[in-house]
Amino acid sequence: MTRLLPFPLLSAALFGMWVLLTGFSPGHVLLAGLVALTIPRVMLLLKVEKPRVRIGWSMVRLAGFVLGDIIRSNVAVGRIILCKPPARRSGFIRLPIALENRYALVVLAVIITATPGTLWVQHDARRKIILIHVLDLVDEEAWIALIKNRYEKLLMDIFE
Amino acid sequence: MIQAPDLPLWAAIIVGLFVVLGAVITLVGAIGLIRMETFYERVHPPTLGMTLGTGFVLLASITCFSVMQSRPVLHEVLIAVFVTITTPITLMLLARAALYRDRSEGVQDVPGDFGDEGDD
Amino acid sequence: MTALVLALAITAAQILLGIAMACAAYRAFRGPRAQDRILGLDALYLAGMLLLLTYGIQTGRTIFFEAALIIAVLGFAGTVALAKFLMRGEVIE
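Chains as they are written, first to last, in the working numbering: chain D, 1 to 160; chain V, 161 to 280; chain A, 281 to 373.
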C-alpha cells in the first residue's frame, strides 16, 4: 500500500480535483486515477516528513469550532469597520505554544489567519513563541487562553 | 444587462440572498481597507471577503448550477479550498514583509525580533 | 416575477462588488506604502473573482468559473511574489 500510494491524501486530492474540473465521464475518471497514481511519486524526491494524523471526532469538532469562530469574528470585525468604536486598540501579542509538530503548526497558522481579526505573524521554534496581531485587543490573557484551550488541545489530539 | 437564470422559487430565494449577502460582506471588508489607519489594522478587513464573502457567493453558485443541471455541481468547492489555503499564506507573507521593513527602518511601535530568526 | 427579483438581486450584488473593487483600487493607488498597495491589489483580485462568479450565475455558463479559478491562482502567485520582493529585494533567490 505505501509503495503503491506513498501519499494517499495527496492522491485523493488530485483525483478529486481532476474529476471536478473535467466533469464525470469514464475516460476522465481513468485519467484521474492515472494522475493520482503517478504524480505523488514526484514528492518522494523531496523527502518530506509524513504527517501522522489521527482521524476521529477531534477533526469534526475542530472544523465546527473554526466555522463558528469565523462567522462570529466576521460579525465582530464588520461591526468594528462600520461603527469604529473609539476605545478600540489593536496590537501584537506573544503567545507561548507547546505544539511542535510542523503540520499542526501549519494548520494553526491557517486557522488563526483565516479568522478575521487575528493574524499570525511570526513563529520562533526554539523559544516556542508565536507572534499574533489582534485587531480588537481587549484582554491579552483571554486571547491566549482561547487559542490554547480551544485549538491547541484539539490539534495535539489530531497530530502526534 | 438585467438577466437571470430560470430557477424555481426556493432556489431563486437562496441564490439571490446568498449572492447579495456575499457581496455586502466583501464590500464591508473593502470599506475597512479604506477606513483603518495603520497597515497592521488594514490586513484584517480583507479576510471578511476571503472567508464568508467568498463562501456565500460560492454557495449561491453551487445551488444555481446544481438546480439548473439537476445534478450536484461541486467544482466551486475547488475555489473554496484554494482560497482558504492560499490567502493565509499571502497575508502572513505580507505582514512579515511589512514587519521586516518596519524593523529595518527602526519604526517604534512594532515588536522587536525574537533574537535569531527561527521561523518557517 | 421570481426571475425579475433574482435578476435585480444579482445586478445589485454586481454593483456592490464593483464598489468593493473601487475601494481596493483606491487603496492600491493611494498607498501610502508598498505593502498597502499590494494588500489593495490582493483585495482587488478577490473582488474581481467574485464578480466573475456572479456573471457565471447570471448567464448560466461555466466558462466564468474557469476564469475565476485562474484569477485565484494567478492572484495568489502574484501577491506572494510581490511580498517576497518587499522582504528581500528579489523574487527568486
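We treat Cβ as the ideally placed atom computed from N, Cα and C, and that holds for glycine.
Predicted model, so just to flag it, every value in this text is computed and none were measured.
Nearest CA to the CA of L296(A): which residue from I173(V), V180(V), V175(V), I174(V)?
When only C-alpha atoms are compared, the closest one is V180(V).
Cβ pair count under 8 Å reaching 3, the segment 76 to 93 of chain D against the segment 213 to 220 of chain V:
Three or more Cβ pairs closer than 8 Å define a contact, and the segment 76 to 93 of chain D falls short of that threshold against the segment 213 to 220 of chain V.
The segment 329 to 359 of chain A: which residues have C-beta closer than 8 Å to a C-beta of chain V, in chain order?
Residues M329, L330, L333, T334, G336, I337, Q338, T339, G340, T342, F345, A348, L349, A352, V353, F356, T359.
With 16 other CB atoms within 10 Å as the buried threshold, where does W170(V) fall?
So W170(V) ends up on the exposed side.
Run of the alpha helix (DSSP H) containing F345(A), from where it starts to where it stops
Here the alpha helix (DSSP H) through F345(A) covers 343 to 368.
Using three-state DSSP, classify F178(V) as helix, strand or coil.
Reduced to three states, the DSSP call for F178(V) is helix.
If you drop the 5 nearest sequence neighbours on each side, which residues of the same chain put their C-beta closer than 8 Å to that of L101(V)?
Limits of chain V in this structure are 161 at one end and 280 at the other, which puts residue 101(V) out of reach.
Which runs of the beta strand (DSSP E), 3 residues or longer, sit entirely within the segment 28 to 68 of chain D?
List check, beta strand (DSSP E) in window: nothing returned.
Measuring straight from C-alpha to C-alpha, what distance separates V29(D) and L20(D)?
In a straight line, the C-alpha of V29(D) is about 10 Å away from that of L20(D).
Below 8 Å between beta carbons: does that hold for L330(A) and T186(V)?
Contact flag set, yes.
Using 8 Å as the limit for Cβ to Cβ distance, is A172(V) near chain D?
A172(V) does not count as touching chain D.
Going straight from the alpha carbon of G215(V) to that of F178(V), what length do you get?
One C-alpha to the other measures close to 9 Å.
Please state whether the Cβ-Cβ distance between A363(A) and T250(V) is less than 8 Å.
Yes, the Cβ-Cβ distance between A363(A) and T250(V) is below 8 Å.
Assess contact between the segment 27 to 42 of chain D and the segment 55 to 74 of chain D, defined as three or more Cβ pairs (one per stretch) separated by less than 8 Å. Is contact present?
A contact is defined here as three or more CB-CB pairs under 8 Å, and the segment 27 to 42 of chain D fails this definition with respect to the segment 55 to 74 of chain D.
Mind reading off the beta-carbon distance from M271(V) to F92(D)? Whole number of angstroms is fine, and I expect it under 8 Å.
The residue you asked about is not Met; residue 271(V) is Pro in the sequence shown. Rounded, the Cβ-Cβ distance is 5 Å, consistent with contact.
Please check if any C-beta of chain A sits within less than 8 Å of the C-beta of R263(V).
Cβ-Cβ to chain A under 8 Å: no for R263(V).
Name the chain V residues that come within less than 9 Å of G117(D), Cβ to Cβ?
Here the neighbours are H204, T207.
Which term fits M281(A), buried or exposed, when burial requires 16 or more other beta carbons within 10 angstroms of its beta carbon?
So M281(A) counts as exposed.
Taking its Cβ as the centre, do 16 or more other Cβ atoms sit within 10 Å of R307(A), making it buried, or is it exposed?
R307(A) should be labelled buried.
If you measure between the beta carbons of A304(A) and G320(A), is that distance less than 8 Å?
Note that the C-beta distance between A304(A) and G320(A) is below 8 Å.
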